[in-house]
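Comments concern the structure below.
2 protein chains.
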Amino acid sequence: MLDVTPHAPGKDEPVPSSAQPTRSPSPRYGARPTMKDVAARAGVGLKTVSRVVNGEPGVTADTERRVQDAITALGFRRNDSARILRKGRTASIGLVLEDLADPFYAPLNRAVEEVARAHGALLINGSSAEDPERERELALAFCARRVDGLIVIPAGDDHRYLEPEIAAGIATVFVDRPAGQMDADAVLSDSFGGAREGVAHLAAHGHRRIGFIGDRPRIHTAAERLRGYRAAMADAGLPVDESWVSLGPTTPERVRAETERMLAGPAPVTALFTGNNRVTATAVRVLARVPRRVALVGFDDLELADLLSPAVTVVAQDAARLGRTAAEQLFRRLDGADEPPRRVVLPTRLIARGSGELRPEE
Amino acid sequence: MLDVTPHAPGKDEPVPSSAQPTRSPSPRYGARPTMKDVAARAGVGLKTVSRVVNGEPGVTADTERRVQDAITALGFRRNDSARILRKGRTASIGLVLEDLADPFYAPLNRAVEEVARAHGALLINGSSAEDPERERELALAFCARRVDGLIVIPAGDDHRYLEPEIAAGIATVFVDRPAGQMDADAVLSDSFGGAREGVAHLAAHGHRRIGFIGDRPRIHTAAERLRGYRAAMADAGLPVDESWVSLGPTTPERVRAETERMLAGPAPVTALFTGNNRVTATAVRVLARVPRRVALVGFDDLELADLLSPAVTVVAQDAARLGRTAAEQLFRRLDGADEPPRRVVLPTRLIARGSGELRPEE
DNA sequence: TCCGGATCTGACAACGTTGTCTAGGCTCTA
DNA sequence: TAGAGCCTAGACAACGTTGTCAGATCCGGA
């Protein structure tokens with residue numbers, strides 16, 4: 000491990016001639032130059048290099064140029080780990096989400112990134128895969144890296160493990176679902192109201208037997224949406240047969256089976272309310288193969304939903320706004336806002352496209 | 000800035016009673032306990048705490064318990080910045096992608112994350128938004144954090160700025176597109192072959208005037224796909240009218256306008272090959288409003304593409320495999336593999352669903 | 001009783017950076 | 001010409017951790 004790898008560090012400086020004779024001071028492979036090396040090469044003090052690197056004032060143009068030359072010649076890049084250790088602040092925030100690949104969370108992720116960028120912070124993120132233990136691991140790993148703040152889409156329902164971290168100064172905002180067993184900032188969509196509106200929409204079109212397929216009841220949004228369903232049914236004076244309600248994992252297999260079950264029997268449901276984008280996608284697939292026309296309203300919008308036939312009526316959340324709001328709240332905290340924990344609830348929007356306006360066939 | 004915030008650090012240890020009387024040793028807000036503090040409280044040496052924290056051997060059960068108690072009592076968490084500084088390795092990799100929110104890159108992102116996790120590494124990622132300058136900023140920011148390795152989806156076409164970093168030991172793998180102006184590991188999809196196959200499919204169904212709408216020619220995949228289009232046309236003995244070819248930004252506005260342009264006039268195209276998922280989505284929207292039946296094959300699969308009518312025929316890439324392959328290659332490098340740069344090209348798969356099998360209407 | 005060796009423990013330096021403090025040279029004014 | 005004041009520059013300590021090394025303790029066997 001002491002490979003000699005010259006590799007001329009020719010850089011972008013469009014300086015005229017004097018192509019320095021590549022007398023690389025034998026930078027061992029993997030051993031990066033430090034400010035000390037730069038200082039030695041430029042014939043200046045360590046601190047002067049620091050000043051140049053950070054654009055601090057108090058360096059003459061001539062000295063600065065010497066330092067810059069040494070920097071490019073050596074291929075120096077400041078070691079942010081050391082900087083972070085020294086300064087205490089990391090200029091980075093962590094985002095724990097459920098699944099990086101879930102199309103619903105992607106715009107949220109991106110929105111958080113944009114806000115972070117605007118504040119000069121780097122984003123570190125990771126997927127909990129709906130596993131509380133993994134959520135915890137990730138969040139604590141971020142804390143060990145001393146992120147300045149944390150945005151969490153909860154997978155678990157007990158977040159007291161974060162209390163020491165929060166007490167130690169790591170600002171934390173929960174998004175999409177509230178924190179479990181503790182009081183903290185949270186930015187949510189109106190799951191209850193949205194589901195209620197969606198189900199009411201179906202009831203208004205004459206449906207009396209409406210099915211509900213959602214995520215596991217442990218998940219706050221799933222429970223809230225079910226509550227919205229029940230409220231809408233009650234509002235419409237409709238009884239709920241418990242065989243019309245199904246909560247559980249959102250795997251295609253389960254959703255498919257449950258959908259088919261609800262459509263079978265002597266008194267099948269004539270309409271379906273699906274609790275999130277994954278459920279809706281599977282339900283659409285099942286319904287496409289069923290001769291009967293079954294009405295459908297789904298929570299969360301889908302790409303291309305407008306192009307299906309019938310086009311899918313949805314209760315849309317603004318995922319990007321969710322992320323933006325949470326990130327802004329986080330940076331407000333980082334800037335010292337000292338208000339009590341806030342809970343923001345963003346409205347949902349019913350987008351009628353056709354599938355929710357089908358009338359029951361009897 | 001010396002707020003007193005007691006906040007008992009009660010932890011998860013399910014110890015029987017003795018709810019410690021919350022005598023938090025007044026941890027100043029924002030000032031985290033260090034190993035020194037833990038050592039002082041446990042009455043042991045600094046290094047012993049380090050041993051316990053890292054599970055190193057050579058500590059008696061009794062001493063270990065004392066240290067553990069102090070750790071939970073103080074809410075200590077190891078500062079990874081300091082650890083990284085000391086150890087040199089960060090156990091993290093960086094991923095520069097085009098857009099966190101693009102559904103095509105989401106599975107790639109997730110696959111990289113899973114591989115990183117399997118290797119005990121953390122993933123830091125960010126969106127370049129197709130801006131070469133931003134790609135550079137991000138990649139160098141990751142380097143400053145001393146990631147062990149870097150996976151880049153190139154936005155720019157000159158990556159020599161990474162040479163000093165690579166020389167300094169940061170393993171780098173490019174994915175989806177090759178590096179510009181330098182030789183490096185790359186994992187790609189067979190854009191040329193895929194486009195050729197897709198266009199040949201259209202030609203085989205009797206189309207002679209086939210349009211091509213793709214991304215900006217600066218982007219390697221866009222250029223390759225266009226090359227595939229031309230090859231397929233030549234193979235089929237079909238002339239190409241340059242008005243059937245359009246490369247540029249993939250904004251809905253431009254794609255809409257170009258699609259409409261190609262469908263107008265005396266000799267409109269009867270089939271369309273779209274160069275990526277965003278273009279396809281917009282084209283589908285436009286075609287849905289056109290009375291004439293226009294055949295369509297798109298590069299990249301779309302969620303719900305199978306449910307449209309006609310269902311959309313696509314040339315699918317395996318984005319997850321792209322990510323997995325790249326990440327595995329990266330870790331192979333990190334484990335010391337010293338082969339010359341490798342370029343891996345993954346096959347694409349034509350999925351015929353209907354829209355590509357429409358015959359030309361005349 | 002004493003010694004060799006194994007086991008446990010802690011003092012100390014180092015990682016690369018930044019904040020503080022002081023020295024030296026210069027200019028400007030009285 | 002002396003003194004005050006400014007500007008540039010560098011020495012040094014500190015951030016929190018880990019690797020090295022050496023000291024302390026305890027065991028069994030001679």
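Keeping their order, the protein sequence lines are chains A and B. Heads up: the first sequence begins at 0 in numbering that gives the first Met the number 0, then just goes up one per residue. Heads up: the second sequence begins at 0 in numbering that gives the first Met the number 0, then just goes up one per residue. From the three backbone atoms N, C-alpha and C, an ideal C-beta is built for every residue, glycine too. None of the values given here were measured: they were computed from a predicted structure.
Item                                                                                                                         : Value
Inter-residue spacing [alpha-carbon to alpha-carbon] between B:D214 and B:E132                                               : 19 Å
Supposed close pair A:N276, A:L301 - CB separation, criterion 8 Å                                                            : 6 Å
CB of B:R253 within 8 Å of CB of B:T220, strictly                                                                            : no
Opening and closing residue of the alpha helix (DSSP H) in which A:L329 lies                                                 : A318 to L333
Test: B:N53 CB closer than 8 Å to a CB of chain A                                                                            : no
B:F141 vs B:I123 beta-carbon contact at 8 Å                                                                                  : yes
Beta-ladder partner(s) of A:F173, from DSSP                                                                                  : A:V151 and A:A185
For B:I83, three-class secondary structure by DSSP                                                                           : helix
Buried versus exposed, by CB contacts within 10 Å (16 or more), A:P8                                                         : No answer about A:P8 holds up, because its pLDDT of 32 lies below 50 and its placement is not dependable.
Cβ-based burial, A:V344 [other Cβ within 10 Å; buried from 16]                                                               : exposed
Rounded straight-line distance, which links the Cα of A:A266 to that of B:A318                                               : 43 Å
Start-to-end residues for the beta strand (DSSP E) that takes in A:E91                                                       : For the record, residue 91 of chain A in the displayed sequence is Ser; it is not Glu. Here the beta strand (DSSP E) through A:S91 covers S91 to L96.
Neighbourhood of B:E12 by C-beta distance below 7 Å, restricted to the same chain and skipping five residues each side       : Only weak support exists for where B:E12 lies, its pLDDT of 29 falling under 50; the value from the coordinates is given anyway. Hits under 7 Å: T71.
Continuous alpha helix (DSSP H) stretch holding A:L73: start and end                                                         : A60 to L73
Buried/exposed call for B:L45, threshold 16 Cβ in 10 Å                                                                       : exposed
Interface residues of chain B facing A:S308 [CB-CB closer than 7 Å]                                                          : S308
Residue-chain proximity (A:P153, chain B), Cβ-Cβ < 8 Å                                                                       : no
CB-CB length for A:V43 against A:T59, believed under 8 Å                                                                     : Going by Cβ atoms, the distance from A:V43 to A:T59 rounds to 11 Å, so no, they are not a contact pair.
Beta-carbon contacts of A:R135 that lie in its chain and below 8 Å, excluding the five residues immediately before and after : G155 and Y160
Candidates A:P248, A:L271, A:L246 and A:S245, of which the one nearest A:G205 by Cα                                          : A:L271
6 Å Cβ shell around A:A230 - same chain, five flanking residues per side excluded                                            : R195
A:A105 - DSSP class collapsed to helix/strand/coil                                                                           : helix
Contacts of B:V289 in chain A (Cβ-Cβ under 9 Å)                                                                              : None at all; the shortest Cβ gap to chain A is about 13 Å.
Cβ of A:A143 within 8 Å of any chain B Cβ                                                                                    : yes
Span separating the alpha-carbon of A:V285 from that of A:A256                                                               : 9 Å
Distance between A:A294 and A:P359 (C-alpha atoms, nearest Å)                                                                : 7 Å
Check whether B:A110 and B:A263 have beta carbons under 8 Å apart                                                            : no
Proximity test, Cβ basis, 8 Å: B:N124 and chain A                                                                            : yes
Closer than 8 Å to chain A by CB, B:A72                                                                                      : no
Residue-chain proximity (A:E302, chain B), Cβ-Cβ < 8 Å                                                                       : yes
Within chain B, the residues that A:V48 reaches when beta carbons sit closer than 9 Å                                        : Within chain B, no residue comes near A:V48; the closest Cβ sits about 15 Å away, beyond 9 Å.
Proximity test, Cβ basis, 8 Å: A:V296 and chain B                                                                            : no
Option nearest A:L99 by Cα separation, candidates B:S91, B:E112, B:E97 and B:R88                                             : B:E112
Coarse secondary structure for B:R31, derived from DSSP in three states                                                      : coil
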